[in-house]
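Per my numbering, the very first residue in the sequence shown carries number 5; after that it's consecutive.
In this text, a Cβ means the ideal position worked out from N, Cα and C, and glycines have one as well.
Being a predicted model, the structure only gives us computed values, none of them experimental.
What follows is a single structure, written as structure tokens, with notes after it.
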Amino acid sequence: MTAHRFFLRFLLAWLLIFAVSVCVFAQAPPDNKAYEPTEGQGGKDVIWLPTAQALAEKMLNLAQVTPQDYLIDLGSGDGRIVIAAAKRGARAHGIEYNPDMVALSKRNAVREGVADKATFVKADLFESNFSAATVITMFLLPEINMKLRPAILDLKPGTRVVSNSFDMEDWKADQAVAVGKEEGCDSNYCEAFLWIVPAKVEGRWKLSQGELLIKQTYQMISGEYTSGTGRTPIADGRLSGDRISFRIGDALYAGRVTGASMEGIVASGNGTAKWSARRAAN
Numbered sequence: 005m006t007a008h009r010f011f012l013r014f015l016l017a018w019l020l021i022f023a024v025s026v027c028v029f030a031q032a033p034p035d036n037k038a039y040e041p042t043e044g045q046g047g048k049d050v051i052w053l054p055t056a057q058a059l060a061e062k063m064l065n066l067a068q069v070t071p072q073d074y075l076i077d078l079g080s081g082d083g084r085i086v087i088a089a090a091k092r093g094a095r096a097h098g099i100e101y102n103p104d105m106v107a108l109s110k111r112n113a114v115r116e117g118v119a120d121k122a123t124f125v126k127a128d129l130f131e132s133n134f135s136a137a138t139v140i141t142m143f144l145l146p147e148i149n150m151k152l153r154p155a156i157l158d159l160k161p162g163t164r165v166v167s168n169s170f171d172m173e174d175w176k177a178d179q180a181v182a183v184g185k186e187e188g189c190d191s192n193y194c195e196a197f198l199w200i201v202p203a204k205v206e207g208r209w210k211l212s213q214g215e216l217l218i219k220q221t222y223q224m225i226s227g228e229y230t231s232g233t234g235r236t237p238i239a240d241g242r243l244s245g246d247r248i249s250f251r252i253g254d255a256l257y258a259g260r261v262t263g264a265s266m267e268g269i270v271a272s273g274n275g276t277a278k279w280s281a282r283r284a285a286n
């Protein structure tokens, strides 16, 4: 084979390889294109709508998030609430079913410089354990809130739960706030609700000189106090996490619940004194 013919064959082969490479490159989608979610896109349980940043900050204010908190966002979307919490020094974790959203959230956390405090996982809310959280945030539908409610009520007393726009029916919120258009929320979803998970106190409790029979509806309590002088209704009864307060006649009881015991200070016309109670066996 002459050198000229060899050169022609080499050139033809090289041109063929080049043409195939160009064709493949032209047809292949770029692998560096960033994922961009679309408002209203479908998800497993809900469509995705971003929480306005102004409302996200208001939600964190409502929950009084500090660096000592561990926040879990249920359905964390693009990660904005988790990242905002991490910027306040809290450890924060997002649970999200869409893997593209999870990847986007991780990139956002790196860009915002909080990847050491903001973590994300692809998971189903109903198969996830969020019992370690001190703060729960969410922007879900009412029916999803209700499905999650039993698990939320089993969280440690004092856990703060904040929901964007949707409540939990007869479990009335402890607080609610709204963000106006002038504050940066220009949508139909500019309200937030806060619940503080209450201790479980329903039942009979023994005091030094009588017995409390407590009935509980979430953070509200009622019932009666029985002693040697008769029965007196419990009035103004309320729980805020593990803190309890109620009135018996003119005496105001305030204290903390720790498992099967509670103790505190009672104030009346006679001054103040310590009180304590133990849960009675059924």
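If you run the structure through DSSP and keep just helix, strand and coil, what is F130?
helix
I'd like to know whether the C-beta atoms of A284 and R235 end up nearer to each other than 8 Å.
no
So K50 packs on G79, CB below 8 Å; how close in whole Å?
Here the sequence assigns Val to residue 50, which means Lys is not the residue at that position. About 7 Å separates the two Cβ atoms, so the contact holds.
Which term fits A258, buried or exposed, when burial requires 16 or more other beta carbons within 10 angstroms of its beta carbon?
exposed
Going by the DSSP bridge assignment, what does F197 pair with across the sheet?
S167, A180
In this structure, how does DSSP classify I140 when only helix, strand and coil are distinguished?
strand
Go to I85, then tell me how far its alpha helix (DSSP H) extends in each direction, as first and last residue.
84-91
Extent of the continuous beta strand (DSSP E) run through P237:
234-244
Using 10 angstroms around the beta-carbon of E100, count the other beta-carbons present and answer buried if the total reaches 16, otherwise exposed.
buried
Three-way DSSP call (helix, strand, coil) for V118 in this model
coil
Under 8 Å between C-beta atoms of L217 and G227:
yes
Contact between the stretch 156-163 and the stretch 48-63 is defined here as three or more beta-carbon pairs at a separation below 8 Å; is this criterion met?
no
Mapping DSSP to helix, strand and coil, what is K291?
Because the chain in this structure spans residues 5 to 286, residue 291 falls outside the shown range and cannot be described.
8 Å Cβ cutoff met for G81 and P54:
yes
Report the residue from A136, A58, D171 whose alpha carbon sits nearest the alpha carbon of K151.
D171
Report, in whole angstroms, the separation of the C-beta atoms of K210 and A281, which I expect to be a contact under 8 Å.
6 Å
Residue of D77, N65, V201 minimising C-alpha distance to R92
N65
Using beta-carbon positions only, say whether M224 and R242 come within less than 8 Å of one another.
yes
Through-space distance from P146 to N192, alpha-carbon basis:
15 Å
If you reduce the DSSP assignment to three classes, tell me which class A281 lands in.
strand
Shortest alpha-carbon distance to A60 belongs to which of E43, S244, R84?
R84
Start and end residues, alpha helix (DSSP H) containing A155
146-157
Could you check the C-alpha separation between S132 and S109 for me, to the nearest Å?
18 Å
For a test of the three-state rule: what should DSSP assign to V125, helix, strand or coil?
strand
Reference K121; option with closest CA among K62, S135, G263, A96:
A96
Is the CB of N274 under 8 Å away from at least one CB in chain C?
No chain C appears in this structure, which consists of one protein chain only.
For K62, which residues in the same chain have their Cβ closer than 7 Å to its Cβ, ignoring the five residues on either side in sequence?
V181, V183, A196
Can you look up K368 in the DSSP assignment and give me helix, strand or coil?
Given a span of 5 to 286 for the chain in the structure shown, any question on residue 368 remains unanswerable.
Neighbourhood of E186 by C-beta, 8 Å cutoff - its chain only, sequence neighbours within 5 removed
none
Could you tell me the alpha carbon to alpha carbon distance between P202 and A38, rounded to whole angstroms?
43 Å
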